[in-house]
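Here is the structure we will look at.
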Amino acid sequence: MMSFRRVSLILLGTLMGTIGILYGVSSTILLSSFEAVERQKTEQDVERVMEAITTRQTTLQANAIDYAVWDATYDFVQGKKPDYPTTDIGIGTFNTARIDLIVIRDAQQQIVHSVNYDRPTGKHLPLPPELQADLSRSSYSSLLNQQQTGFLQFGHTLALVASHPILTSEGQGPSVGSLILAQYLTPAAVQQLGQVTQLTIGLYPLSGALPLDVQQASATLSDSASRVIQPLDRQTIAGYVLIPDIRNQPIAVLKISKPRTVYQQGLLSLRYLAMSLLIVGGFAGIVMWRLVQQAALLLAERNQIKQALRQETALRQADLKYRQKAQELEQTLRELQHTQARLVQSEKMSSLGRLVAGIAHEINNPVNFISGNVTYAADYVQVLLQLVNAYQQHYPIPPEVQSEFEDLDLDFLKEDLLKLLNSMAVGSERIQQIVLSLRSFSRLDETAIKTVDLHAGIESTLLLLQHRLQPDALPSRLPCSPSIRVIRAYGDLPPVECYPSQLNQVFMNVLTNAIEALQRQPMDAAPPTIWIETELQGDHVIARFGNNGPSIPETIQNQVFDPFFTTKPVGQGTGLGLAISYQIVVENHHGQIYCQNCNNRVEFVMHIPLRLRSAAPAVLQSA
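Here this note's numbering runs 8 ahead of the position in the sequence shown, where the first position is 1.
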């Protein structure tokens with residue numbers, strides 16, 4: 009028992025170690041994913057702040073263009089409108105456009121007019137000397153004569169500056185000076201920008217003292233396109249971007265900071281994961297402990313199970329041998345049944361063929377004699393009737409003879425005699441057709457492969473079955489019910505290379521089954537109908553024999569071609585007809601035959617190759 013407990017402890021330790029490794033890997037992957045999402049969202053926030061600053065730059069530049077490209081400003085610089093500062097630039101302009109500074113310079117870059125507006129108090133203050141010095145610096149002065157927008161540092165204050173040459177309202181020159189607008193980026197202005205973007209924003213000029221994190225970020229930043237994202241602690245993350253001046257030289261570092269909400273959510277998820285793993289591990293440990301305890305009981309039964317398995321294996325092997333023997337016997341029995349069916353049918357068809365051929369031969373001679381003499385008899389009777397008519401016209405008829413003519417109804421006899429002879433001719437011709445069909449069906453002299461017309465074989469079979477298609481062949485129906493209707497839909501078929509007598513036998517079996525199925529229909533069923541359709545598909549002829557009799561259940565559709573299988577009452581069927589038909593079509597002609605229920609009728613479908621000698625054995629298609 010101690011060994012099993014030791015094993016359970018080892019398994020439990022392995023389980024806990026696996027859980028620890030799983031937690032470590034999961035925490036590393038999850039925290040990395042959360043940190044990546046956090047960095048991505050911080051970069052997006054930096055871009056939002058930069059877009060807000062760009063929007064302010066665009067607005068300030070638009071205001072600079074509005075005032076610089078204006079006839080009033082153009083005239084003021086030339087001394088033509090001295091009241092311009094009081095009439096055209098009011099306090100409302102500074103408040104609406106959030107402008108802190110307006111400077112107008114002439115063509116010699118001398119300040120003509122300037123307003124330093126203090127928005128909190130609403131007063132105009134004089135331009136500080138250091139600001140005048142910054143505007144007069146050669147590095148800035150020439151640039152501010154052009155259309156520019158960007159950042160400048162006035163003393164210790166950063167400003168957003170926009171300048172434009174002073175032109176007429178039509179944008180015509182020459183330029184008489186430049187107009188400069190500025191927005192001071194004071195801590196209050198930066199805080200207001202943070203309120204708009206809902207972020208904590210800091211703007212640090214590079215010329216002043218920088219916090220440690222800003223110094224580290226500025227050392228990493230290379231240009232205005234680069235970004236630095238780094239966590240400050242477990243609660244805060246910051247993003248940094250370098251701000252250039254109008255000369256595209258670094259002037260300040262923009263910093264945004266935000267709570268690490270995503271990271272904190274990741275830590276919370278890891279705590280939940282750890283708790284879940286501990287719960288699952290504890291439950292698994294308990295289950296493993298119980299399983300190890302039960303293993304001791306199972307071990308005692310193992311030897312018994314092994315012994316039982318050996319005995320079962322021996323029994324299965326013996327059973328397998330018996331099954332193989334049974335399958336071999338079943339296969340032998342099936343082959344014997346096929347052989348028996350072939351022998352029975354061969355002997356039956358051989359005897360029937362000889363009998364049919366003999367009867368056809370014996371009937372054919374007297375029928376030919378009768379058929380040949382009927383024609384001459386008709387001619388002779390016609391001559392005699394003409395002679396009687398001539399006597400009646402040229403010689404007087406005695407009263408006794410006239411009375412005899414009237415009693416015999418001579419006119420009717422003359423008319424009916426010709427009809428009688430004509431009926432005899434038709435009857436003899438009908439007998440000749442039946443004899444021809446019998447000879448065509450038997451074909452005892454055609455055991456070799458022939459090229460024949462399938463339609464002729466079908467028609468000869470229908471002729472032999474004609475008496476069964478009449479109303480008196482349907483004992484279950486009313487005497488006045490219609491005969492079985494045969495609907496033909498023959499396609500344009502070329503001659504087929506086959507065993508004609510064998511295919512005629514198949515047609516006979518299928519049509520006989522259809523007639524017998526229609527005989528079992530109730531009296532109120534639809535009129536009995538047989539459909540025969542043929543068509544050419546590639547190198548095969550498709551023949552369909554359908555009837556509107558009872559459908560064949562799907563459960564027995566695969567059995568109808570088995571030897572001795574029949575659904576007829578005892579004594580009314582041998583179960584060999586369709587089995588032999590299957591052998592003839594599939595084995596002898598390398599074709600296919602199957603049955604199916606389609607469109608409220610039962611169909612037997614045959615696929616017969618056009619060229620028997622070149623046809624490969626076919627696989628029976630399921631219905």
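No residue lacks a Cβ here, since even glycine has one placed at the ideal position from N, Cα and C.
Quantities reported herein were computed from a predicted structural model and do not represent experimental measurements.
Since I believe residue j is in contact with residue i (beta carbons under 8 Å), could you give me their beta-carbon distance rounded to a whole number of angstroms?
| i | j | result |
| --- | --- | --- |
| alanine 260 | phenylalanine 162 | About 13 Å separates the two Cβ atoms, so there is no contact after all. |
| glycine 546 | asparagine 512 | Incorrect: roughly 24 Å between the Cβ atoms, too far for contact. |
| leucine 220 | tyrosine 212 | So it is not a contact: roughly 12 Å between Cβ atoms. |
| lysine 263 | alanine 246 | 6 Å |
| asparagine 555 | arginine 476 | The Cβ separation is near 13 Å, so there is no contact. |
| isoleucine 495 | tryptophan 539 | 5 Å |
| proline 561 | isoleucine 492 | No, proline 561 and isoleucine 492 are not in contact; Cβ-Cβ is about 23 Å, not under 8 Å. |
| leucine 278 | serine 35 | 5 Å |
| valine 684 | valine 549 | Residue 684 lies beyond the range of the chain shown here (9 to 631); nothing can be said about it. |
| valine 111 | leucine 133 | Between leucine 133 and valine 111 the Cβ distance is about 13 Å, and since that is not below 8 Å, they are no contact. |
| asparagine 106 | glutamine 191 | Sequence check: residue 106 is arginine here, not asparagine. About 6 Å separates the two Cβ atoms, so the contact holds. |
| asparagine 517 | leucine 425 | With a Cβ gap of about 46 Å, asparagine 517 and leucine 425 do not count as contacting. |
Quick one, are the C-beta atoms of residue i and residue j less than 9 Å apart?
| i | j | result |
| --- | --- | --- |
| glutamate 541 | tyrosine 498 | yes |
| glutamine 154 | serine 171 | yes |
| tyrosine 248 | serine 226 | yes |
| leucine 68 | threonine 157 | yes |
| proline 600 | histidine 615 | The amino acid occupying residue 600 in the given sequence is glutamine; proline does not appear at that position. The answer is yes: Cβ separation under 9 Å. |
| glutamine 238 | glutamine 224 | yes |
| leucine 109 | leucine 151 | no |
| serine 265 | leucine 240 | yes |
| threonine 459 | phenylalanine 515 | no |
| leucine 187 | isoleucine 174 | yes |
| isoleucine 457 | leucine 620 | yes |
| isoleucine 378 | methionine 432 | yes |
How long is the line joining the alpha carbons of residue i and residue j, rounded to whole angstroms?
| i | j | result |
| --- | --- | --- |
| threonine 205 | glycine 28 | 43 Å |
| arginine 113 | leucine 39 | 58 Å |
| glutamine 474 | valine 375 | 20 Å |
| threonine 104 | isoleucine 97 | 12 Å |
| tyrosine 399 | valine 391 | 13 Å |
| glycine 185 | threonine 50 | 43 Å |
| tyrosine 388 | serine 436 | 19 Å |
| threonine 26 | leucine 201 | 51 Å |
| proline 502 | aspartate 461 | 7 Å |
| tyrosine 507 | tyrosine 590 | 14 Å |
| leucine 452 | glutamine 527 | In this prediction, leucine 452 scores a pLDDT of 42, lower than 50, which makes its location untrustworthy; the coordinate-derived value is nonetheless stated afterwards. Each residue's alpha carbon lies about 31 Å from the other. |
| lysine 131 | asparagine 124 | 8 Å |
| glutamine 315 | valine 594 | 52 Å |
| aspartate 415 | valine 409 | 10 Å |
| glutamine 140 | asparagine 71 | 22 Å |
| methionine 531 | alanine 525 | 13 Å |
| glycine 21 | isoleucine 61 | 59 Å |
| isoleucine 119 | valine 85 | 10 Å |
| threonine 165 | leucine 193 | 7 Å |
Over what stretch of residues does the beta strand (DSSP E) that includes residue i continue unbroken?
| i | result |
| --- | --- |
| glutamate 541 | 537-545 |
| glutamate 505 | 504-506 |
| phenylalanine 162 | 156-162 |
| alanine 497 | 493-497 |
| leucine 186 | One point to set straight first is that residue 186 is serine, not leucine, in the sequence displayed. Counting along the chain, the beta strand (DSSP E) containing serine 186 begins and ends at 185-192. |
| aspartate 245 | For clarity, residue 245 is isoleucine in the given sequence; the question names aspartate instead. Run containing isoleucine 245: 244-252, per the beta strand (DSSP E) assignment. |
| histidine 172 | 165-173 |
| isoleucine 564 | Isoleucine 564 -> no beta strand (DSSP E), and no H or E assigned at all. |
| alanine 115 | Note, alanine 115: premise wrong, no beta strand (DSSP E); not H, not E. |
| proline 404 | Unbroken run through proline 404: none, as it is neither H nor E. |
| glutamine 238 | 235-239 |
| alanine 551 | 548-555 |
| isoleucine 107 | Where isoleucine 107 is concerned, there is no enclosing beta strand (DSSP E), given that its DSSP letter is neither H nor E. |
| proline 617 | 609-617 |
Looking at the unbroken alpha helix (DSSP H) that takes in residue i, where does it start and where does it end?
| i | result |
| --- | --- |
| histidine 598 | Looking at the DSSP string, histidine 598 is not in any alpha helix (DSSP H), and its letter there is neither H nor E. |
| proline 258 | Segment 258-267 is the beta strand (DSSP E) holding proline 258; no alpha helix (DSSP H) there. |
| glutamine 195 | Note that residue 195 corresponds to proline in the displayed sequence, not to glutamine. Its alpha helix (DSSP H) spans residues 195-205. |
| aspartate 83 | 79-85 |
| glycine 465 | 462-472 |
| leucine 211 | Per DSSP, leucine 211 belongs to no alpha helix (DSSP H); it is in the beta strand (DSSP E), 208-213. |
| leucine 135 | Neither: leucine 135 is in no alpha helix (DSSP H) and is coded neither H nor E. |
| alanine 456 | Segment: none, alanine 456 is in no alpha helix (DSSP H) and carries neither H nor E. |
| alanine 533 | Unbroken run through alanine 533: none, as it is neither H nor E. |
| proline 219 | It is not in any alpha helix (DSSP H) - proline 219 carries neither H nor E in the DSSP assignment. |
| leucine 477 | No alpha helix (DSSP H) holds leucine 477; DSSP gives it neither H nor E. |
Can you find a C-beta in chain C that's less than 9 Å from the C-beta of residue i?
| i | result |
| --- | --- |
| histidine 121 | The chain inventory of the structure shown lacks chain C, comprising one protein chain alone. |
- Query: Are at least three pairs of beta-carbons, each pair with one atom in the stretch 278-290 and one in the stretch 43-52, less than 8 Å apart?
  - Reply: no
- Query: Quick one: any contact between the stretch 62-82 and the stretch 299-315, if contact means 3 or more CB pairs under 8 Å?
  - Reply: no
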